[in-house]
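Residue numbers (the working numbering), protein chains in the order written: chain A, 54 to 289; chain B, 5 to 142.
Ideal Cβ positions, reconstructed from N, Cα and C, are used throughout, including at glycine.
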């Protein structure tokens with residue numbers, strides 16, 4: 054499976070993602086500069102975390118107009134896997150590939166810590182290697198992770214099982230104290246309706262090696278290529 | 005040339021964490037009458053054209069696509085035509101300021117706001133501009 058990791062000016066988790074894909078998961082992965090217009094035939098695209106364009110105007114507001122974005126949108130429309138982590142999630146929202154938007158944390162604090170995150174649905178291409186209700190320990194590092202959307206959009210997201218991850222306490226309960234940024238309905242990660250585009254604030258790539266504290270995030274990547282293998286087998 | 009000014013405001017229905025923090029800070033400083041604060045953005049653009057109609061159409065698109073996000077923000081766009089020197093003389097044109105204030109009064113609930121803006125309008129505008137100029141130089 055071929056992966057493209059987009060580098061925007063200000064991306065800073067691109068190397069982490071590429072390291073996990075290449076050295077931990079032995080995947081074929083390469084950087085794609087934001088000025089490129091082609092993903093070089095990649096099956097999956099990662100928009101990594103960071104502060105693209107200095108977060109000027111709004112997080113992701115300028116990156117969404119990068120020359121590579123039409124190719125990302127095309128890949129999304131073709132049903133290819135698109136994964137936006139942290140700033141990548143913000144870019145996907147600004148680009149209209151995911152509904153809603155991420156605003157300043159309700160506490161105004163930049164939160165940088167490992168927190169419990171609950172898997173809502175294991176029946177997706179991003180979560181099939183997890184269990185329903187499984188509590189993962191994943192790092193977050195953001196000042197603008199407060200997910201907002203109108204009530205109808207939120208209802209629709211839950212109704213169509215697009216909410217894959219929520220913030221919870223260690224026992225898996227969505228308590229207000231366990232919400233690190235004020236996100237509506239504790240939303241930590243959502244997909245588009247088709248289920249091939251995921252945006253999430255926690256960093257699975259920073260939790261992919263036991264020696265670095267946790268490998269709870271690895272399942273997200275393994276789920277993607279397990280799904281891809283199945284799709285290829287079906288097509289073949 | 006044309007000078008365009010864009011005011012981007014958080015939507016009333018969306019919680020504004022910055023506005024909330026600013027409001028609380030003001031209360032801490034003893035001005036307890038301030039019940040709400042909204043923090044937005046002020047963007048000024050200088051254009052080398054005099055075609056107001058075309059510019060407005062183009063900038064409306066820019067405001068919707070880039071300068072604001074309609075999910076969480078509203079914007080107000082004002083255009084002003086003039087020679088570069090004339091526009092430079094008035095860094096904050098009265099028209100635009102008045103318009104912005106007028107729209108705020110319309111949206112805002114408190115009648116107090118209207119009262120507070122009235123005496124300011126009576127004050128000689130020339131005094132206002134020189135003041136703001138000095139402030140900018142500092």
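Not one beta carbon of chain B lies nearer than 8 Å to the beta carbon of residue 63(A). By the Cβ test, the segment 158–167 of chain A is in contact with the segment 181–199 of chain A, since at least three Cβ pairs between them sit closer than 8 Å. A Cβ-Cβ contact shorter than 8 Å links residue 193(A) with residue 255(A). Shown here, residue 219(A) sits in a strand according to DSSP, grouped into three states. A distance below 8 Å separates the beta carbons of residue 241(A) and residue 218(A).
Of 125(A), 115(A), 182(A) and 191(A), the smallest CA-CA separation from residue 91(A) is found for 125(A). Residue contact check for residue 16(B) against chain A: no CB pair falls below 8 Å. Look at the segment 67–83 of chain B: the residues with a C-beta under 9 Å from a C-beta of chain A are 69, 70, 71, 72, 73, 75, 76 and 77. In summary, the residues of the segment 112–125 of chain A whose CB is separated from some CB of chain B by less than 9 Å are 114, 115, 117 and 118, in the order they occur in the chain. For the pair of segments examined, the segment 96–115 of chain A was found not to touch the segment 217–233 of chain A: the number of CB pairs separated by less than 8 Å stays below three. Residue 275(A) sits in a helix when the DSSP states are folded into three classes. Contact between residue 235(A) and residue 158(A) holds, since their C-beta atoms are separated by about 6 Å, short of 8 Å.
Pairing residue 58(B) with residue 215(A), the inter-Cα distance amounts to about 41 Å. For the pair of segments examined, the segment 172–182 of chain A was found not to touch the segment 141–154 of chain A: the number of CB pairs separated by less than 8 Å stays below three. Counted as a single uninterrupted DSSP element, the beta strand (DSSP E) harbouring residue 166(A) occupies residues 164–172.
Those residues of the segment 136–164 of chain A placed with their C-beta closer than 9 Å to a C-beta in chain B are 146, 147, 152, 153, 154, 156, 157, 158, 159, 160 and 161, ordered along the chain.
The beta carbon of residue 15(B) lies closer than 7 Å to those of 76, 77 and 78 in the same chain, with the five residues before and after it left out.
Within the segment 79–140 of chain A, complete beta strand (DSSP E) segments of at least 3 residues are found at 81–86, 97–100 and 134–138, given in chain order. Taking C-beta atoms as the reference points, residue 10(B) and residue 71(B) count as a pair closer than 8 Å.
Residue 110(A) belongs to the set of residues whose beta carbon lies under 8 Å from a beta carbon in chain B.
Using a CB distance below 9 Å, the part of the segment 13–47 of chain B facing chain A consists of 14, 17, 18, 19, 20, 21, 22, 24, 25, 45 and 47, ordered along the chain. In the three-state reduction of the DSSP assignment, residue 214(A) falls in the coil class, being assigned neither a helical nor a strand state.
In the structure shown, residue 23(B) falls within a helical segment according to DSSP collapsed to helix, strand and coil. The alpha carbon of residue 129(A) has as its nearest neighbour, out of 238(A), 224(A), 226(A) and 98(A), the alpha carbon of 98(A).
The C-alpha of residue 220(A) is placed about 5 Å away from the C-alpha of residue 239(A). Beyond the five residues adjoining it in sequence on each side, residue 95(A) comes within less than 7 Å, by CB distance, of 55, 56 and 57 in the same chain, given in chain order.
For residue 67(A), the uninterrupted alpha helix (DSSP H) segment begins and ends at 67–72. According to DSSP, residue 79(B) shares a beta bridge with 12(B). For residue 184(A) and residue 269(A), the gap between their C-alpha atoms comes out near 12 Å.
Residue 143(A) counts as buried, since no fewer than 16 other beta carbons sit within 10 angstroms of its beta carbon.
In the DSSP assignment, residue 59(B) falls within the alpha helix (DSSP H) that extends over 56–66.
Residue contact check for residue 201(A) against chain B: a CB pair falls below 8 Å. Nearest in C-alpha terms to residue 25(B), of all of 263(A), 273(A) and 160(A), is 160(A). Judged by their CB atoms, residue 84(A) and residue 67(A) are nearer to each other than the 8 Å cut-off.
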